[in-house]
Amino acid sequence: MITKQQALDYHANGRPGKVSVQPTKPCLTQVDLSLAYTPGVAQPCLEIAQNPEDVYKYTSKGNLVAVISNGTAVLGLGDIGAAAGKPVMEGKGVLFKRFADIDVFDIELDTKDPQEVIRCCQMLEPTFGGINLEDIKAPECFLIEETLKKTMKIPVFHDDQHGTAIISAAALLNAVELVKKELAHIRVVFSGAGAAGIACAKLYLRLGVNPENILMVDSKGVMYEGRESFNASKQLFVRRTEARTLLDAMKDADVFVGVSVANTVTPQMIKVMARDPIVFAMANPDPEIPYPDALAARKDIVMATGRSDYPNQINNVLGFPFIFRGALDTHATQINEEMKIAAVHALAQLAKEDVPEEVARVYGLASLKFGRDYIVPKPFDSRVLVREAAAVAQAAMVSGVARRQLDIEAYKRELARRVGKGRIMLDSVMEKAKHEPKRVVFPEGSSPRILRAARILVSEGLAKPTILGRAEEIQKVAADLEVSLEGIELLDPATSARRAAYAESFFERRQRRGVTSARALAMMADPTYFGIMMLSVGDCDAVLSGVDSDYPTTIRPALEIIPLNPGITRVSGLYAMIRDDRVYMFADTTVNIDPTAEELVEIALSATKVACHFDIEPRIAMLSFSNFGSSRYPASEKMALAANLLKARAPELIVEGEMQADVALMPEMMKRLYPFSRLQEEANVFIFPDLNASNIAYKLLQRMGNLRAVGPILMGLSKPLHVLHRTLEVSDIVDMAAIAVVDAQAR
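Mind the numbering: the sequence shown is residues 6 to 752 in this note's numbering, read in order.
Spelled out as structure tokens, the structure:
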């Protein structure tokens, strides 16, 4: 579980909060500023005044959504107020940006009066392309959304209602098909009659479920005629029935839909359902019935939850980012029922198609195939953006709410370009690590950054960390940081029973290198040597060290203990340089000062393996200050020779050089000036002539270009060992640990 302090630190460290505003145009020179503001800004203002639709052409409105809440029903926390709900709204903005590249301003309103919320939203219409209502309690949320949809000409969407409804409806279509039943004949029981429950029921009706076959249970029991008076939304689902309890309602039911609270359903309730029961237990974080209990009760069950650690996650993030993407790109005046239904069918259809291997690998699976354990797509399937947004856009145009017509095939290509390879790479690593966590040793046990990273690794299920050092010292640091050590193994090399055996093994390896048995025993008290010996003999799966020491201090014992891979004569280091839509591999950035041409070939082959490991097709540039012999100098000739040697050794690879860095990144220039080049796209694996060039390049890009540097990834060793740079933040250490886990899985 995520700890309180971990969550607080995440939101407070660095710049407080989770979002910021970045300009999209240059704002450096006086000319830039004159164009951005006065006098240049007057021109688009005048154009918009003459033609209001030009606001989409000259401003960010077409990619800007307002996430609006009054904090009256926040994420299972209840009525905690507008300000207290702001972290949730910022988080919603992060998801919009992460999955659909949509910008968000979160707006928290200090009012419980629905009319004030309505009026505020109406006044914001000139600013935003759409409004996402969030965490507003029922029944006020129904009035607010219905009024805004009638009075505004931009999309208004209450995700608490429609998000769960759309995703679960897609799952329902596929589940019913799998068990060979018909929507018109299934009996559906709801636990929960709030905003999500009502919206799910209404959408199911549109799909073909018989109204008389829906039975709804709220906190007081079955909603039956004569029980009491109900508000207008609930009244639609009041039925004449003898059932009074949830158990009564579930007898012979085909489908259970849980949008209530944990542990409201017992195994007995599952047992009394009809054949092939469909159970959507969507309460978060804990479902109405635990997944293992439900499967134990019925072997013929088709089950979905809101959790990512079980099959069939009903996750709203499969809906709202992509629905808004399609609505914004067509300048739709609303998100209507046709667009919601289109989203449902797009998701349902995608789940029935062949799943690319890279999607399965993200989740640590050999394959994914339509069936009882896969009835909705996975959130990190990049195809969702293309399929769902395009379907929503098409429905907007067909139903007449679109103010902009799109060529759908061209639009799909545009959507595909929005999928950021950098984000996908890290997501893939994290999901793979979670599938089979490995034991990772951290020799620097008293480092605050290591302790915080270890806590995250345990909480996220990414690794099984072992911390080396004196237990008393580690416990004191952890107590001062308020970091729980639960699930983290502490091991003191100085007092460990393994120390003597490790010393003996080390002595056997190094006795002809000046190491005595007494010296070996003393060295095994050093956590770095001890940890690497653990890795060597198989007592752990990976080692990460270096946050409190210099690079040689860690790499020296690694080279003394861990053998190199076959065919490799030296280790090298690589950084993955990441921006949203690109991943570049830089090598060697950390070890070899002035490698020979032959050594550069080794480095390039090692970097190629890392790229492939991250599902990146390598395109290699051997970098220099010269382009294909334009300047004859020993350094440039070395890179030209390395390129030729690499082509001869691995003719299947796309390799070019020697070449300048800008040419390697400009395929149009390459085609024009050097049509013979094998590089038809920009390079993504860069091999540098020496350590000066590579180290300077990655650090400049990291600090001045704001690219994320993931590494250093140590290449060439036969076991997963990585040297942590002293400047790494906690999140970087977590990334490196996940990479080490995936590396260990592959080996």
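Glycine included, C-beta positions come from ideal geometry on N, C-alpha and C.
If you draw a straight line from the Cα of S173 to the Cα of N649, it comes to about 56 angstroms. Excluding five sequence positions before and after G202, the CB atoms of its chain that fall closer than 6 angstroms to its own CB belong to F195, V264, given in chain order. Between A176 and F327, the C-beta gap is not smaller than 8 angstroms, which leaves the two residues out of contact. If you ignore the 5 residues before and after E478, its C-beta comes within less than 7 angstroms of the C-beta of S451, all in its own chain and listed in chain order. Taking a C-beta distance under 8 angstroms as the contact criterion, V615 and L579 qualify as a contact pair. Cβ neighbours of L148 within its own chain (closer than 7 angstroms, five residues either side excluded): P119.
Within the same chain, no Cβ atom closer than 7 angstroms to the Cβ of I701 is found once the five residues on either side in sequence are excluded. Per DSSP, K256 lies in no alpha helix (DSSP H) and is assigned neither H nor E. The straight-line gap separating the alpha-carbon atoms of A609 and C545 is approximately 29 angstroms. In the three-state scheme derived from DSSP, where H, G and I count as helix and E and B as strand, H163 is classed as strand. Counting only runs of at least 3 residues, the region 710–747 fully encloses the following beta strand (DSSP E) elements, listed from N- to C-terminal order: 713–720, 726–728. In the DSSP annotation of this structure, the continuous segment of the beta strand (DSSP E) that includes G662 starts and ends at 659–664. L684 and F535 have their alpha carbons spaced roughly 46 angstroms apart.
In the DSSP annotation of this structure, I107 is not part of any beta strand (DSSP E), being labelled neither H nor E. Non-local beta-carbon contacts of R517 in its own chain, meaning distances under 7 angstroms to residues more than five positions away in sequence, are absent.
The criterion of a C-beta distance shorter than 8 angstroms is satisfied by Q166 and A200.
Collapsing the DSSP output to three states places D485 in a helix.
Using a C-beta cut-off of 8 angstroms, the region 724–740 makes no contact with the region 665–683, since fewer than three inter-stretch Cβ pairs fall below that distance. 8 angstroms or more divides the Cβ of F235 from the Cβ of I219. Taking a cut-off of 8 angstroms for Cβ pairs, the region 559–571 and the region 653–671 do not touch, as fewer than three such pairs fall below it. For I136, the secondary structure class from DSSP, reduced to helix, strand or coil, is strand.
Per DSSP, the unbroken alpha helix (DSSP H) holding S699 starts and ends at 696–708.
With a minimum length of 4 residues, the unbroken runs of alpha helix (DSSP H) contained wholly in the region 265–298 fall at 272–276.
Restricted to the region 143–210, the beta strand (DSSP E) segments that are unbroken, complete and at least 3 residues in length are 161–163, 193–196, listed in chain order.
The region 373–383 makes no contact with the region 404–414, as fewer than three CB pairs between them are under 8 angstroms. Contact check between the region 66–78 and the region 139–155: three or more CB pairs, one atom from each, fall below 8 angstroms, which counts as touching. Per DSSP, reduced to three states, the secondary structure at F535 is helical.
In this structure the region 55–63 does not touch the region 96–110; the number of beta carbon pairs closer than 8 angstroms is below three. Judged by beta-carbon spacing, A258 lies beyond the 8 angstroms limit of I275, meaning their Cβ atoms are not closer than that value.
Assigned with DSSP and collapsed to three states, Y42 falls in coil, not helix or strand. Cβ-Cβ distances below 7 angstroms link S39 to G45 in the same chain, with the five nearest sequence neighbours on each side left out; the list follows chain order. For H336, same chain residues with a beta-carbon under 8 angstroms away, outside a window of 5 residues either side, are E58, Y61, G67, G134, A407, R408, R409 in chain order. Annotation for G543: no residue places its beta carbon closer than 6 angstroms to its own, counting only its chain and skipping 5 residues before and after. Take V266, set aside five residues on each side of it, and the residues of its chain with a beta-carbon closer than 7 angstroms to its own are A288, in chain order. Take V26, set aside five residues on each side of it, and no residue of its chain has a beta-carbon closer than 7 angstroms to its own. Residue pairing for M675: DSSP places it in no beta bridge.
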